[in-house]
Amino acid sequence: MFSATPISATAVSDKVDGWLYFQSAPRCFKGYDYISGDDVIKGSVGDDMGDIGIKIGVYATRSTDDIVKCKTAIQNGLKLWGYSSLEKLLEDAGYTLKDNKWHAPENPDWRIYSAIKEKNKMLEDPNEYFADEELYSLYYYSFSYACRVSNEIDAEKATKTAKEKALSGKGYALYTTVNDKKVTRDVIAEKEDSGAHTMYSNLIMTSSPYARNVICYNYNYLKELLEKITELAKKIGKPAESALAEEFEKALGEITPSDCLSIGSPSERKSCKLGHIKACLDEAQNGVPSTITDKKEKDDKIKELFADCYSKKTGETKEKILAALSGVSPSSVTAEPEPSGSGGEEPKDKCAIDGIGWLVCPVVTFLAQVSDTVKDNIDEYLVFNPSELTKRDDGSVYSYWATMRNYANVLFVIAFIIIIYSQISGMGLSSYGIKRMLPRLVVGALLVNVSFYLCAAMVDLSNAIGASAYNFISSGTSAGSGGTSPDSSASGGAWWVKLASGILAGTAMLFALGALLAGLVTVLMIALTTLLLLGVRQAIIIFAIIISPLAFVAWLLPNTEGLFKKWWQTFKTMLFVYPIIGIIYGASTLASNIIRNQYGGTDGSSVAMQIVAAVLMFVPLMLVPKVLNSAMSIGNIAAITGGLIKGKAGGFLGGAAKAKASRFENYRKMKRERRNAQIRAGSYDSKWTKGNRRIINPRWYRTKLNSGFNKISRGYGDMRAAEGEKEAAHQDHERMEMAEARINNMKVDGAYLNQQQLMEAATTGKVGKTELSAYEQRAAIKKAAAMGTSKDALELAASSTKQKDATVRKEIADALAQSGAGERSPYLGGAALADIQAGKFNRTNAIKKAAAGGKITAESLSKADAYSAQQIESSLGELKRSDAYTKGDHNSAEYKEIDTAIKNAMDAADTVEKTAKLKARISGNSELSTAIENIRNGFPEKKDQTSGNGSSSGNGSSSGNGSSSGNGSSSGNGSSSGN
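Once you know that position 602 of the sequence shown is 601 in numbering that gives the first Met the number 0, the rest is easy, because the numbers rise by one and skip nothing.
Right, here's the structure in full:
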């Protein structure tokens with residue numbers, strides 16, 4: 000994360016850590032009268048005391064989390080304080096062992112503190128206790144961890160934007176570091192502008208505990224800390240040039256410039272020698288060609304050029320000087336230290352992706368770097384550089400404007416000549432026209448000649464309003480700890496690089512790589528397109544300023560005022576872009592920083608939210624084309640680029656960002672919530688089986704326990720069960736909505752599902768070879784029932800016996816009830832729907848029950864369709880001819896039910912025939928009329944039902960009728976007079 004390493008790193012960090020634990024850990028012992036002897040033997044203070052959290056400082060934790068538990072603090076501190084065991088510390092603090100308990104003395108925290116202080120000769124004030132190297136380590140690393148410092152680079156090599164922001168502390172910081180070779184560097188690094196974290200705290204010595212914090216969002220405070228770090232670094236080390244000069248001075252020994260030999264004082268002579276060495280080193284380093292990049296080759300070239308220079312000053316041969324310098328490596332003294340990760344940890348692999356990592360990692364890293372670079376450039380492009388309007392040389396904006404002004408003034412001269420001519424001659428313009436035009440000419444001439452300055456003032460106003468709007472919004476939470484500061488997006492200047500590095504190194508879940516790629520491509524598409532638009536905007540502003548004299552001339556002349564309005568609308572819109580985008584950009588920056596502060600972890604969800612936060616910074620840029628659209632009809636630039644964003648970037652947002660992993664996680668979450676709700680209600684029904692053998696299912700037993708508890712607890716149990724059922728119903732409704740959307744949009748061979756395919760889906764749970772979920776089948780049932788005929792309704796009802804899922808059977812019953820099938824098919828009433836839900840539906844039985852129960856009435860028959868009436872006729876006819884009726888016991892319940900059903904149906908049909916209104920209702924439907932007539936006539940047997948059965952005579956049919964094969968229309972049915 001940052002590159003400088005502490006001097007004598009291990010010894011320094013141990014001493015600092017020991018002091019930090021000494022300042023805070025004794026507080027753990029306050030309020031505890033004794034500690035278990037068994038725990039002490041294990042080196043523990045017990046869970047009660049051990050789980051208390053105390054503020055140690057970010058240096059000790061090596062992270063932004065400045066709190067540790069007491070058990071960790073004491074265990075880590077013992078070794079640092081020089082104790083071999085916890086018993087030794089307790090003994091020194093005056094604890095006494097009795098009954099296997101270490102009993103505390105009075106003020107145990109103070110006694111522990113004093114024991115540690117006495118043993119290690121520690122002081123409360125770090126400035127008095129630590130040496131400069133140790134104090135530098137405490138301040139530098141506390142700042143680095145607290146403000147998440149990253150990407151330290153030499154200040155001279157930093158970009159212009161980074162330098163400007165470092166001076167104000169917005170996302171960057173400028174300070175001096177020192178490495179283990181005591182070489183200092185002036186560096187600029189990226190930092191976060193949010194949060195306040197503990198550097199160290201004292202919980203014992205003062206009447207009220209205090210802590211010194213690193214406040215990252217308050218630059219006035221942070222500036223003081225950075226100045227302290229810089230001061231300590233310069234006290235400890237020296238600049239690279241001085242360090243290298245001293246290395247050369249030692250190696251050169253007695254080889255001294257002649258003008259220094261006459262100086263008597265050794266220190267003055269050494270100072271003179273160092274002056275010459277520095278001059279020659281400077282000359283040598285500047286003389287190395289930029290094409291030389293190899294370290295050894297570069298070192299050799301520096302020494303060769305140095306020897307040329309120094310030999311002239313000393314009179315010694317070049318070979319002798321080079322021989323003296325053979326053991327010196329300039330690059331090893333001046334080289335920038337390698338990044339060591341956070342807190343000096345070993346650097347992690349840059350790419351932990353197996354297989355195609357060699358391809359993916361460079362691409363992702365490149366995209367991340369480009370995205371961050373483009374982001375910085377966008378900030379600059381939003382502001383129109385006012386310095387462009389101060390230049391007066393050839394090729395400047397002013398020079399081109401001056402040319403247009405001259406042309407405009409020529410037009411004014413011509414206009415004045417025309418007015419004078421008209422006034423003298425009385426020809427051309429009328430007196431009214433002259434009076435109307437003359438004042439406009441005067442005002443126009445004035446505006447033309449000051450138009451450049453008017454436009455420059457408007458540009459300045461646009462920049463000021465835009466910057467103020469952005470800073471006002473984005474600094475909305477800077478007042479307190481954890482807030483953001485103006486322009487804190489700068490701290491996210493390398494968000495993408497940081498996120499990419501973390502994901503590629505494997506610190507986050509691998510699936511985040513897909514989201515990262517989608518985010519990077521989306522951001523890159525938006526940002527590059529916006530850069531193009533903003534670049535065009537800059538050009539349009541310049542062009543509008545240049546032609547402003549002609550625009551004011553157009554305002555003056557007749558029939559050209561529309562051109563002036565077009566110019567004004569374009570120029571005004573270009574200037575408004577910055578304030579408008581500034582407000583939106585500031586708001587998104589604020590929201591983005593809040594999200595980043597809330598989700599700072601490295602788990603999958605935190606990384607995903609960090610990606611969202613980073614993308615959020617760029618989303619407002621999609622509004623740039625819309626803002627420009629009204630004024631950029633020239634060449635239709637906005638329409639083209641806006642379409643590119645909508646088509647390409649929108650495709651990535653709509654496709655990749657809604658990834659399968661996210662949808663699957665949402666599905667599992669919904670399923671889990673529904674299951675838990677049903678378990679709370681005691682209605683969860685799930686048994687794990689293997690073959691015919693049940694396997695123990697903990698959820699099933701939890702359901703039974705909750706069911707019993709709900710019954711025992713009465714009112715509370717009823718409320719709990721109701722809440723669970725309500726939640727389950729809510730989850731069910733949401734999943735049904737999704738399933739309905741899928742069924743409504745499902746296509747086969749490019750066409751939406753027809754009724755036949757819907758019936759297939761509803762009855763079999765399949766569409767072709769595509770298996771449907773239970774929810775999708777239920778959605779198909781709902782749609783098929785609403786659109787279907789009576790035949791479809793009966794087919795759905797009949798399919799219920801094959802459905803194993805109770806929710807599917809219930810859906811069939813509910814769908815039929817809501818579709819009004821009971822009106823067209825009177826046998827699909829409440830009893831039939833109950834049988835459907837129970838999986839026991841039978842057509843004949845349903846019709847028998849409906850007729851016996853008086854549900855098949857004259858009114859319902861007249862409202863039925865032909866198919867339903869035919870089913871009633873067919874089913875009751877079969878029952879009339881069944882053995883149960885023809886041979887059964889007339890006193891049996893079954894016989895009586897069939898007989899009642901038949902008579903009720905016949906009476907209903909007879910009433911239809913005798914009621915003019917009902918008969919008129921069915922008169923237009925010949926199939927319905929025939930079916931009702933057959934019911935009225937006692938369900939006469941159809942010819943195709945008795946083929947070959949009419950050979951027996953003497954059955955009560957009309958004379959000789961029974962002998963004709965296949966004609967026994969009344970054979971054995973008692974319908975003839977002979978019955």
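All C-beta atoms in this analysis are idealised placements derived from N, C-alpha and C, irrespective of residue type, glycine included.
No experiment lies behind these values; they were computed from the predicted model shown.
Run through DSSP, which three-state label would proline 385 get?
In the sequence shown, the residue the question calls residue 385 occupies position 386. Helix, per DSSP.
Just tell me which of Ala820, Phe247, Ala812 and Ala586 has its CA closest to the CA of tyrosine 866.
Indexing the sequence shown from 1 puts residue 866 at position 867. Checked all of Ala820, Phe247, Ala812 and Ala586; the closest Cα to tyrosine 866 is Ala820.
Contact check, isoleucine 254 vs glutamate 315 under 8 Å by CB: the rounded distance?
Within the sequence shown, numbered from 1, the residue matching residue 254 stands at position 255. Within the sequence shown, numbered from 1, the residue matching residue 315 stands at position 316. At roughly 5 Å, the Cβ-Cβ gap stays under 8 Å, so isoleucine 254 and glutamate 315 are in contact.
Delimiting residues of the alpha helix (DSSP H) encompassing glutamate 226
Counted from its first residue, the sequence shown places residue 226 at position 227. Run containing glutamate 226: 218 to 235, per the alpha helix (DSSP H) assignment.
Mind listing, in chain order, the continuous beta strand (DSSP E) runs of no fewer than 3 residues lying wholly within the stretch 240 to 295?
Considered as a whole, the stretch 240 to 295 harbours no complete run of any beta strand (DSSP E) with no fewer than 3 residues.
Beta-carbon contacts of lysine 298 that lie in its chain and below 8 Å, excluding the five residues immediately before and after:
Looking up residue 298 in the sequence shown gives position 299. Per the sequence shown, the amino acid found at residue 298 is aspartate instead of lysine. Result list for aspartate 298: Ser328, Pro329 and Ser330, in chain order.
In whole angstroms, give me the CA-to-CA distance for threonine 176 and glutamate 132.
Along the sequence shown, one-based indexing puts residue 176 at 177. Along the sequence shown, one-based indexing puts residue 132 at 133. For threonine 176 and glutamate 132, the distance between alpha carbons rounds to 11 Å.
Which first and last residues belong to the alpha helix (DSSP H) in which tryptophan 400 is found?
Indexing the sequence shown from 1 puts residue 400 at position 401. Start and end: 396 to 424.
Arginine 777 and alanine 816 - do their beta-carbons sit closer together than 9 Å?
By 1-based counting over the sequence shown, the position of residue 816 is 817. By 1-based counting over the sequence shown, the position of residue 777 is 778. For alanine 816 and arginine 777, no; Cβs fall outside 9 Å.
Below 8 Å, how does it come out for the stretch 190 to 197 and the stretch 236 to 247: are there three or more Cβ pairs, yes or no?
Using a Cβ-Cβ distance cut-off of 8 Å, the stretch 190 to 197 and the stretch 236 to 247 are not in contact, since fewer than three pairs of beta carbons, one from each stretch, lie closer than that value.
Per-residue DSSP class, three states only, for histidine 732:
Against the sequence shown, residue 732 aligns to sequence position 733. Histidine 732 falls in the helix class under three-state DSSP.
So is histidine 196 buried or exposed if we call it buried at 16+ other beta carbons inside 10 Å?
Locating residue 196 in the sequence shown gives position 197, counting from the first residue. With 16 or more Cβ atoms within 10 Å of its Cβ, histidine 196 is classed as buried.
Give the DSSP-derived three-state secondary structure of asparagine 212 in the structure shown.
Residue 212 sits at position 213 when you count from the first residue of the sequence shown. Asparagine 212 falls in the strand class under three-state DSSP.
Quick check on the burial criterion: 16 or more other C-beta atoms within 10 angstroms. Buried or exposed for glycine 818?
Residue numbering aside, residue 818 sits at position 819 when the sequence shown is read from its first letter. The question names glycine, but residue 818 is serine in the sequence shown. Serine 818 is buried by the Cβ-count criterion.
Three-state class that DSSP yields for glutamate 105 in the structure shown:
For this step, residue 105 is matched to residue 106 along the sequence shown. Residue state, collapsed to three classes: coil.
Please go through the stretch 814 to 849 and give each complete beta strand (DSSP E) segment of 3 or more residues, from N-terminal end onward.
Counting whole runs of 3 or more residues, the stretch 814 to 849 contains no beta strand (DSSP E) stretch at all.
Inspect the beta-carbon positions of aspartate 185 and tyrosine 174 and report whether they are closer than 9 Å.
In the sequence shown, residue 185 corresponds to position 186, counting from 1. In the sequence shown, residue 174 corresponds to position 175, counting from 1. Yes, the pair counts as a contact, with Cβ atoms nearer than the cut-off.
Same chain, Cβ closer than 8 Å to glutamine 754, five either side skipped, listed in chain order:
Along the sequence shown, one-based indexing puts residue 754 at 755. Excluding positions up to five away in sequence, the list reads Ala783, Met786, Gly787 and Asp791.
Exposed or buried, tryptophan 18, counting other C-beta atoms within 10 Å across all chains shown (16 or more means buried)?
Position 19 of the sequence shown, counted from the first residue, corresponds to residue 18. Buried, because 16 or more other Cβ atoms sit within 10 Å of the Cβ of tryptophan 18.
Would you say lysine 14 and valine 44 are within 9 Å of each other, going by their C-beta atoms?
Position 15 of the sequence shown holds residue 14. Position 45 of the sequence shown holds residue 44. Going by C-beta atoms, lysine 14 is not nearer than 9 Å to valine 44.
Using a Cβ-Cβ cut-off of 8 Å (strictly less than) and excluding sequence neighbours within five positions of lysine 847, which residues of its own chain qualify?
One-based indexing of the sequence shown puts residue 847 at position 848. The residues are Ser874, Leu875, Leu878, Glu896, Ile897 and Ala900.
Would you mind sorting glutamine 802 into buried or exposed? The rule is 16 or more other CB atoms within 10 Å of its CB.
Counting from one through the sequence shown, the residue named residue 802 turns up at place 803. Buried.
Contact between the stretch 123 to 131 and the stretch 38 to 52: three or more CB pairs below 8 Å?
These segments do not touch.
Say whether the stretch 252 to 268 touches the stretch 226 to 243, bearing in mind that this needs 3 or more beta-carbon pairs closer than 8 Å, one atom from each stretch.
The stretch 252 to 268 is not in contact with the stretch 226 to 243.
Alanine 172 - containing beta strand (DSSP E), residue span:
Taking the first residue of the sequence shown as position 1, residue 172 is located at position 173. Element bounds for alanine 172: 171 to 177.
Near glutamate 794, what residues of its chain come up, given a Cβ to Cβ distance below 7 Å and the 5 sequence neighbours on each side ignored?
Stepping through the sequence shown from its first residue, residue 794 is reached at position 795. Within the same chain, glutamate 794 has close Cβ partners Met758 and Thr762.
With burial defined as no fewer than 16 other Cβ atoms inside 10 Å of the residue's Cβ, what is the status of asparagine 212: buried or exposed?
Along the sequence shown, one-based indexing puts residue 212 at 213. Looking at its Cβ environment, which holds 16 or more other Cβ atoms inside 10 Å, asparagine 212 is buried.
By how many angstroms is the C-alpha of cysteine 279 removed from the C-alpha of tyrosine 309?
Here residue 309 refers to the residue found at position 310 of the sequence shown. Here residue 279 refers to the residue found at position 280 of the sequence shown. Roughly 6 Å separates the two Cα atoms.
Looking at the secondary structure, which residues open and close the alpha helix (DSSP H) in which leucine 549 lies?
Along the sequence shown, read from residue 1 onward, the residue named residue 549 stands at position 550. Looking at the DSSP string, the run of the alpha helix (DSSP H) that includes leucine 549 is 547 to 555.
Separation of isoleucine 55 from serine 7, as counted between CA atoms:
Taking the sequence shown and counting its residues from 1, the one referred to as residue 7 is at position 8. Taking the sequence shown and counting its residues from 1, the one referred to as residue 55 is at position 56. Residue confidence is low: serine 7 scores 45 on pLDDT, short of 50, so the model does not pin down where it sits. Its coordinate-derived value is still stated next. Cα to Cα, serine 7 sits roughly 22 Å from isoleucine 55.
Within the same chain, show all residues whose beta-carbon is closer than 8 Å to that of serine 113, passing over the 5 residues directly before and after it, in chain order.
Position 114 of the sequence shown holds residue 113. Cβ neighbours of serine 113 beyond the five flanking positions: Ala92.
Collapsed DSSP secondary structure at lysine 879 in the structure displayed
Along the sequence shown, one-based indexing puts residue 879 at 880. In the three-state reduction of the DSSP assignment, lysine 879 falls in the helix class.
Under 8 Å Cβ to Cβ from valine 287, same chain only, skipping five residues before and after it: list those, please.
On the sequence shown, residue 287 is found 288 positions in, with the first residue counted as 1. Taken in chain order, the residues that qualify are Lys297, Lys300, Ile301 and Leu304.
C-beta atoms of isoleucine 838 and arginine 808 nearer than 9 Å:
Position 839 of the sequence shown, counted from the start, is the residue given in the question as residue 838. Position 809 of the sequence shown, counted from the start, is the residue given in the question as residue 808. Residue identity differs from the one stated: residue 838 is glycine in this sequence, not isoleucine. Between glycine 838 and arginine 808, the gap from beta carbon to beta carbon is short of 9 Å.
CA-to-CA distance, glutamate 230 to arginine 61, given in whole angstroms
Start at 1 with the first residue of the sequence shown, and residue 61 comes out as number 62. Start at 1 with the first residue of the sequence shown, and residue 230 comes out as number 231. So the two alpha carbons sit approximately 23 Å from each other.
When burial is assigned at 16 or more other CB atoms within 10 Å of the CB, is valine 57 buried or exposed?
Position 58 of the sequence shown, counting from 1, holds the residue named residue 57. So valine 57 counts as buried.
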